[in-house]
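Colleague:
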Amino acid sequence: MSHTPNTFRAGPDEHGRFGLFGGRFVAETLMPLILELEQAYDAARRDPSFAAEMALFQRDYVGRPSPLYLAERLTEHLGGAKIYLKRDELNHTGAHKINNVLGQLLVAKRMGKKRIIAETGAGQHGVATATMCARLGMDCVVYMGDTDIVRQKPNVFRMRLLGAEVRGVSSGTATLKDAMNEALRDWVSNVDDTFYCIGTAAGPHPYPMMVRDFQSIIGEEARAQVLEREGRLPDLLVACIGGGSNAIGLFHPFLDDPAVRMMGVEAAGHGIDSGAHAASLAGGTPGVLHGNRTYLLQDADGQIQNAHSISAGLDYPGIGPEHSWLRDIGRVEYTAITDDEALDAFKLCARLEGILPALEPAHAVAQVIKTAPTLGRDAILVMNMCGRGDKDVFTVAEALGVDL
Numbered sequence: 001m002s003h004t005p006n007t008f009r010a011g012p013d014e015h016g017r018f019g020l021f022g023g024r025f026v027a028e029t030l031m032p033l034i035l036e037l038e039q040a041y042d043a044a045r046r047d048p049s050f051a052a053e054m055a056l057f058q059r060d061y062v063g064r065p066s067p068l069y070l071a072e073r074l075t076e077h078l079g080g081a082k083i084y085l086k087r088d089e090l091n092h093t094g095a096h097k098i099n100n101v102l103g104q105l106l107v108a109k110r111m112g113k114k115r116i117i118a119e120t121g122a123g124q125h126g127v128a129t130a131t132m133c134a135r136l137g138m139d140c141v142v143y144m145g146d147t148d149i150v151r152q153k154p155n156v157f158r159m160r161l162l163g164a165e166v167r168g169v170s171s172g173t174a175t176l177k178d179a180m181n182e183a184l185r186d187w188v189s190n191v192d193d194t195f196y197c198i199g200t201a202a203g204p205h206p207y208p209m210m211v212r213d214f215q216s217i218i219g220e221e222a223r224a225q226v227l228e229r230e231g232r233l234p235d236l237l238v239a240c241i242g243g244g245s246n247a248i249g250l251f252h253p254f255l256d257d258p259a260v261r262m263m264g265v266e267a268a269g270h271g272i273d274s275g276a277h278a279a280s281l282a283g284g285t286p287g288v289l290h291g292n293r294t295y296l297l298q299d300a301d302g303q304i305q306n307a308h309s310i311s312a313g314l315d316y317p318g319i320g321p322e323h324s325w326l327r328d329i330g331r332v333e334y335t336a337i338t339d340d341e342a343l344d345a346f347k348l349c350a351r352l353e354g355i356l357p358a359l360e361p362a363h364a365v366a367q368v369i370k371t372a373p374t375l376g377r378d379a380i381l382v383m384n385m386c387g388r389g390d391k392d393v394f395t396v397a398e399a400l401g402v403d404l
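First residue of the sequence shown: 1, per the UniProt record's numbering; consecutive thereafter.
#1: Roughly how many angstroms lie between the CA atoms of S171 and M180, to the nearest whole one?
#2: Taking 8 Å as the threshold, find out whether the segment 64-71 comes into contact with the segment 84-97 through three or more Cβ pairs.
#3: Using beta-carbon positions only, say whether G103 and A130 come within less than 9 Å of one another.
#4: Buried or exposed for L227, please, with buried defined as at least 16 other CB atoms from any protein chain shown within 10 angstroms of its CB.
#5: In chain order, what residues of the same chain have a beta carbon less than 8 Å from the beta carbon of M1, not counting five sequence neighbours either side?
#6: Under a three-way DSSP split, which group does A81 fall into?
#7: In whole angstroms, what separates the C-alpha of S324 from that of F18?
#8: Rounded to the nearest angstrom, what separates A118 and I198 at their Cα positions?
#9: Can you grab the Cα-Cα spacing for the pair E341 / H363, in whole Å?
#10: Can you tell me which of the three DSSP states M1 falls into?
#11: Leaving out the 5 sequence neighbours to the left and right, which residues in its chain are closer than 6 Å to V288 when beta-carbon positions are compared?
#12: Give a yes or no on whether the C-beta atoms belonging to V101 and Y41 are separated by under 9 Å.
#13: What's the call for T75, buried or exposed, on a 16-neighbour Cβ count within 10 Å?
#14: Taking Cβ to Cβ, would you say D235 is nearer than 9 Å to I337?
#15: Who does F195 pair with in a DSSP beta bridge?
#16: Excluding five sequence neighbours on each side, which residues of the same chain lie with their C-beta closer than 6 Å to the C-beta of S309?
#17: With DSSP as the reference, please indicate the residues paired to Y334 in a beta bridge.
#18: Just the Cα atoms here: how many angstroms apart are I217 and N99?
#19: Just reading off the alpha helix (DSSP H) that M132 is part of, what are its end residues?
#20: Helix, strand or coil for E165, going by three-state DSSP, please let me know.
#21: So, under 8 Å CB-CB, K391 and A350 are touching, yes? Tell me the CB distance rounded to an integer number of Å.
#22: For A95, which three-state DSSP category applies?
#23: Could you please give me the residues that DSSP links to R160 through a beta bridge?
#24: Please give the ranges of any alpha helix (DSSP H) in the segment 11-65, keeping only runs that are unbroken, at least 4 residues long and fully inside the region.
#25: Taking only the alpha-carbon atoms, compute the straight-line gap between V188 and T29 and give it to the nearest angstrom.
#26: Can you grab the Cα-Cα spacing for the pair Q305 / A276, in whole Å?
#27: Express the C-alpha separation of G145 and V368 in angstroms, rounding to a whole number.
#28: Taking the CB atoms as reference points, tell me whether L296 and G318 lie closer together than 9 Å.
#29: Which runs of the alpha helix (DSSP H), 4 residues or longer, sit entirely within the segment 172-232?
#30: Please name the residue or residues paired with V142 in a DSSP beta bridge.
#31: Can you round the beta-carbon distance between T175 and R115 to whole angstroms, since I take them to be within the 8 Å contact cut?
#32: Who are the Cβ neighbours of G283 in its own chain at under 7 Å, not counting the five residues just before and after it?
#33: Quick one: complete alpha helix (DSSP H) runs, 4+ long, within the segment 346-393?
#34: Helix, strand or coil: how does DSSP classify L70 here?
#35: Sorted by chain position, which residues of the same chain lie with C-beta nearer than 7 Å to P253's C-beta, five sequence neighbours on each side aside?
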């Protein structure tokens with residue numbers, strides 16, 4: 001373990017690194033655009049007019065602040081910590097993804113970009129990107145694996161209704177990793193007029209920092225809301241992790257509060273020992289993919305291995321570099337939940353709280369089910385409900401053997 005820094009919130013360094021992770025490993029063609037983006041984002045975040053435009057959209061279009069909801073029946077059922085759900089699934093478009101898309105597309109507008117490309121797994125980032133492109137009058141192309149197109153049909157239809165072109169990707173396992181590969185190829189070929197809106201806190205610098213900053217509104221609101229409701233900070237934060245944007249958004253404003261424990265929940269798929277999972281921290285090693293160094297699922301020769309999760313949004317063989325750093329220095333705990341445990345949590349949350357979680361946060365709910373009973377009744381737990389499960393009802397029905 002490395003030494004403890006004075007603050008956990010200062011990164012990345014001038015090279016875009018969080019300790020040994022992050023950086024920018026991109027084609028020479030892209031480097032000028034990456035540097036241009038870094039300069040444009042730096043100027044935007046120092047500009048009060050950019051913050052004002054963001055705030056107006058967040059309030060009147062996205063619907064923020066999202067509520068902090070006391071899950072009384074789940075708390076009573078589990079018999080431990082008081083459970084609060086940060087309701088980011090109530091945002092316009094149904095997930096936390098629009099927080100980041102809004103910020104990136106306003107930066108793109110300042111850069112004069114008219115064509116937006118994106119990749120998507122569960123479809124929520126794709127829907128958010130298509131939505132903001134429609135609102136801002138931009139052309140939109142979304143890359144999506146053919147496997148995910150089948151299991152996320154409602155979101156594919158929504159993207160097309162919003163005017164986006166959805167391009168299927170058949171290479172590899174036809175999931176999120178392959179969609180990101182194709183989006184990067186598009187970007188290399190169209191650097192002059194195209195902005196790549198990356199959906200998670202990964203990719204070359206400045207993306208991990210930029211996405212984290214735009215998603216940190218989740219933790220900033222949660223911090224103010226729990227202080228107002230309980231008069232103190234929570235004891236534990238829980239969030240699911242694929243690339244890790246919702247988790248870093250919740251965690252980051254609390255990183256320098258030593259009494260606040262944090263748990264990131266990866267997808268264990270059929271089990272870590274089965275090899276069919278998407279848990280890059282539990283089962284991976286450091287390497288380079290999609291422009292950054294981070295923990296990856298790879299073989300001894302550095303070939304990327306296939307990931308598996310019932311959740312399309314967690315089905316990715318890597319993780320954001322800041323999470324890799326937080327894991328190695330011991331500031332955040334990382335666990336993993338199987339497909340079956342996530343399905344059980346999906347059903348319990350629906351029946352006790354009347355909330356259908358997306359399969360992504362259902363993994364976090366499953367960890368809450370395990371952990372809350374081990375804490376005292378005076379403990380406070382906050383979980384980010386980062387997406388709603390309407391999009392997943394076909395996948396859940398199939399897994400449960402129900403013919404719709």
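Even for Gly, the Cβ is constructed at its ideal location relative to N, Cα and C.
Modeller: Let me lay it out:
#1: 11 Å
#2: yes
#3: no
#4: exposed
#5: Low confidence applies to M1: its pLDDT is 49, below 50, so where it sits in the model is not reliable, and the reading given next is rough at best. Result list for M1: D328, I329, G330, in chain order.
#6: coil
#7: 8 Å
#8: 6 Å
#9: 7 Å
#10: Unreliable positioning characterises M1 in this predicted model, as indicated by a pLDDT of 49, which lies under 50. A coordinate reading is not provided.
#11: F25
#12: no
#13: buried
#14: no
#15: I116
#16: A267, G269, A278, D315
#17: G264
#18: 8 Å
#19: 124-136
#20: strand
#21: Actually they are not in contact, since the Cβ atoms of K391 and A350 sit about 14 Å apart, beyond 8 Å.
#22: strand
#23: None; R160 has no bridge partner.
#24: 31-45, 48-57
#25: 6 Å
#26: 10 Å
#27: 31 Å
#28: yes
#29: 176-189, 207-215, 217-230
#30: A118, V166
#31: Contact flag wrong, Cβ pair sits at about 24 Å.
#32: I272, H277, L297
#33: 359-371
#34: strand
#35: S216, G219, E220, R223
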